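Read through the structure below, which is laid out as structure tokens, and then see the notes.
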Amino acid sequence: MNDAYAQWQARSRIAVWHPCTQMKQHERTPPVPIARAQGAWLYDHRGARYLDAISSWWVNLFGHANPRINAALGAQLDDFAHVMLAGFTHAPVIELSERLAALAPAGLGHAFYASDGASATEIALKMSFHYWQQRGAHDKTRYVRLAGGYHGETVGALGVTDVALFRAPYGPLLRSNPVLPSPALRDAGDVRSAQRAVDDAIGALEAYLRSDGATTAALIVEPLVQGAGGMAMYDARYLRRARELTHAHDVHLIADEIMTGFGRTGTMFACEQAAITPDLLCLSKGITGGYLPLSCVLATDRMFDAFYDDDVARGFLHSHSYTGNALACRAALAVLDIFRDDDVIAANRATASRWRNIAAPLSAHPRVRNPRQCGMIIAFDAHSERKGFAAWFAERAAASELLLRPIGKTVYFMPPYVVTDAEFALLVERTLAILDEC
Ligand SMILES: Cc1ncc(COP(=O)(O)O)c(C=O)c1O
Numbered sequence: 119m120n121d122a123y124a125q126w127q128a129r130s131r132i133a134v135w136h137p138c139t140q141m142k143q144h145e146r147t148p149p150v151p152i153a154r155a156q157g158a159w160l161y162d163h164r165g166a167r168y169l170d171a172i173s174s175w176w177v178n179l180f181g182h183a184n185p186r187i188n189a190a191l192g193a194q195l196d197d198f199a200h201v202m203l204a205g206f207t208h209a210p211v212i213e214l215s216e217r218l219a220a221l222a223p224a225g226l227g228h229a230f231y232a233s234d235g236a237s238a239t240e241i242a243l244k245m246s247f248h249y250w251q252q253r254g255a256h257d258k259t260r261y262v263r264l265a266g267g268y269h270g271e272t273v274g275a276l277g278v279t280d281v282a283l284f285r286a287p288y289g290p291l292l293r294s295n296p297v298l299p300s301p302a303l304r305d306a307g308d309v310r311s312a313q314r315a316v317d318d319a320i321g322a323l324e325a326y327l328r329s330d331g332a333t334t335a336a337l338i339v340e341p342l343v344q345g346a347g348g349m350a351m352y353d354a355r356y357l358r359r360a361r362e363l364t365h366a367h368d369v370h371l372i373a374d375e376i377m378t379g380f381g382r383t384g385t386m387f388a389c390e391q392a393a394i395t396p397d398l399l400c401l402s403k404g405i406t407g408g409y410l411p412l413s414c415v416l417a418t419d420r421m422f423d424a425f426y427d428d429d430v431a432r433g434f435l436h437s438h439s440y441t442g443n444a445l446a447c448r449a450a451l452a453v454l455d456i457f458r459d460d461d462v463i464a465a466n467r468a469t470a471s472r473w474r475n476i477a478a479p480l481s482a483h484p485r486v487r488n489p490r491q492c493g494m495i496i497a498f499d500a501h502s503e504r505k506g507f508a509a510w511f512a513e514r515a516a517a518s519e520l521l522l523r524p525i526g527k528t529v530y531f532m533p534p535y536v537v538t539d540a541e542f543a544l545l546v547e548r549t550l551a552i553l554d555e556c
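Under the working numbering, think of the first position of the sequence shown as 119, with each following residue one higher.
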């Protein structure tokens with residue numbers, strides 16, 4: 119216990135209540151104390167390294183300790199770090215709002231900020247409900263969500279999430295919003311074609327909106343990939359039709375691109391692949407390249423106008439202390455500069471196809487089911503009877519210098535975009551070796 123590494127572990131277990139963690143499991147596998155990080159690698163206090171193959175919970179795009187983001191933050195620190203955004207404004211938040219509006223699907227010109235993804239979900243849900251109240255549609259009091267959807271873990275966000283493990287303890291607190299079939303093939307035993315799954319989901323949405331559209335404020339979806347629900351991927355056709363149907367039935371479409379935004383699915387935003395503009399677009403995670411907490415809801419003129427009034431009480435009176443934090447906005451601007459200057463979306467198209475080739479041997483492994491890719495996300499389901507598969511796999515991965523965190527039996531790669539081909543090959547090679555032990 120003299121070694122500093124073990125001491126950090128022991129102190130963390132006593133003082134830090136870790137997120138999404140059964141703390142007792144740390145008796146057997148204590149948290150890994152990280153001392154520094156560079157590019158796609160994390161280094162612990164003993165000097166061991168871990169390839170950050172899931173971008174530190176899907177936030178990091180351009181590597182740790184990125185010199186361009188570091189420089190932007192240093193410059194902003196010399197001016198100021200934070201100022202309240204009610205009654206005040208500043209260049210970073212204005213520039214960021216203008217640039218996000220220019221990059222997002224057309225018509226989303228009003229940016230409302232918060233800090234984490236779940237707060238963005240809360241804002242979108244409140245805005246949608248409040249919009250209908252202001253417009254006199256008082257019966258529109260619920261949301262409709264998709265099976266396997268995930269939108270965060272605050273109480274409102276959990277109300278539109280469909281992951282039993284996270285919802286179950288809070289059942290009595292949660293709204294029982296209706297759940298519609300997912301357009302993704304989510305179950306290994308599902309023998310439908312991918313297109314059939316989309317058709318079925320569209321049919322169910324159509325039927326739901328016909329009977330319940332009048333009492334529904336919004337449909338909330340994760341465009342193209344349902345992430346935390348198991349990296350379930352589906353065709354853009356569903357989104358196109360969902361947009362038409364929600365328009366026709368006067369129901370808002372909330373696109374939660376907290377995970378899919380900023381290039382993860384191959385385009386800047388997944389909605390682009392369906393050529394749709396949602397009523398509300400939720401962004402977070404990659405927005406600051408994994409540096410600082412920032413989230414944003416982009417809204418249409420129509421949404422904004424419903425709150426624009428002489429009466430204060432008709433405004434959207436929602437706030438968080440750190441709304442529009444200048445440092446976080448500066449990090450986000452540096453991220454957008456990198457996207458522009460390095461033509462990242464075009465470069466990623468080539469990277470995604472190289473990843474596909476490098477990962478090809480996985481598809482042939484007898485333990486691999488349903489291998490899939492959407493842009494910069496590669497996933498498969500492991501065929502294994504092993505109890506506690508996810509924890510076991512993550513432990514084996516750490517012993518092989520990989521940070522991987524399967525969701526159930528779904529193993530996925532979502533590294534920073536800057537990971538080299540050699541690093542990606544190492545990721546695949548070591549994953550294959552772990553699969554051999556399954
Ligand atoms: C699609 C989606 N929405 C919302 C969230 C919640 O974001 P946060 O963890 O920052 O609250 C997540 C997080 O994984 C997510 O993937």
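Every residue, glycine too, gets a C-beta built ideally from N, C-alpha and C. Just so we're clear, the structure is a prediction, and the values are computed from it rather than from any experiment.
Contact check for A373 and C400: beta-carbon distance about 7 Å, within the 8 Å limit, so the pair qualifies. Separation of the CB atoms of S402 and L410 is rounded to 11 Å, and the pair is thereby denied contact status at 8 Å. Between A392 and A354, the gap from beta carbon to beta carbon is short of 9 Å.
DSSP places H365 in the uninterrupted alpha helix (DSSP H) bounded by 354-366. Set against 8 Å, the gap from the CB of Y268 to the closest heavy atom of ligand 1 is smaller. The beta-carbon distance between A219 and G227, rounded to whole angstroms, is 5 Å. This is short enough to meet the 8 Å contact definition. N178 sits away from I456, with the two beta carbons spaced by 9 Å or more. A straight line joining the alpha-carbon of D428 with that of Q252 spans about 13 Å.
In this model, H436 and I241 are separated by some 8 Å (Cα to Cα).
Beta-carbon to beta-carbon, G267 and E340 are separated by about 6 Å, close enough to satisfy the 8 Å threshold. In this structure, the straight-line span from the alpha carbon of L363 to that of A325 is close to 10 Å. Residue pairing of D170 in beta bridges, as defined by DSSP: L521. Rounded to the nearest angstrom, the Cβ distance from A450 to T406 is 5 Å, consistent with a contact under 8 Å. Rounded to the nearest angstrom, the gap between the Cα atoms of A350 and D460 is 30 Å. Nearest to F180 by alpha-carbon distance, out of Y535, A551, T441, is Y535.
Note that the C-beta distance between G347 and D280 is below 9 Å. Counting of Cβ neighbours within 10 angstroms places N443 among the buried residues, the total reaching 16 or more.
For D455, no beta strand (DSSP E) run applies; the uninterrupted alpha helix (DSSP H) run containing it begins and ends at 444-459, by DSSP. The closest heavy atom of ligand 1 lies 8 Å or more from the beta carbon of W473. In the same chain as A171, and ignoring 5 residues on each side of it, the C-beta atoms closer than 6 Å to its own belong to L520, L521, L522, F531, P533, L545, in chain order.
Per DSSP, the continuous alpha helix (DSSP H) segment holding Y123 begins and ends at 122-133.
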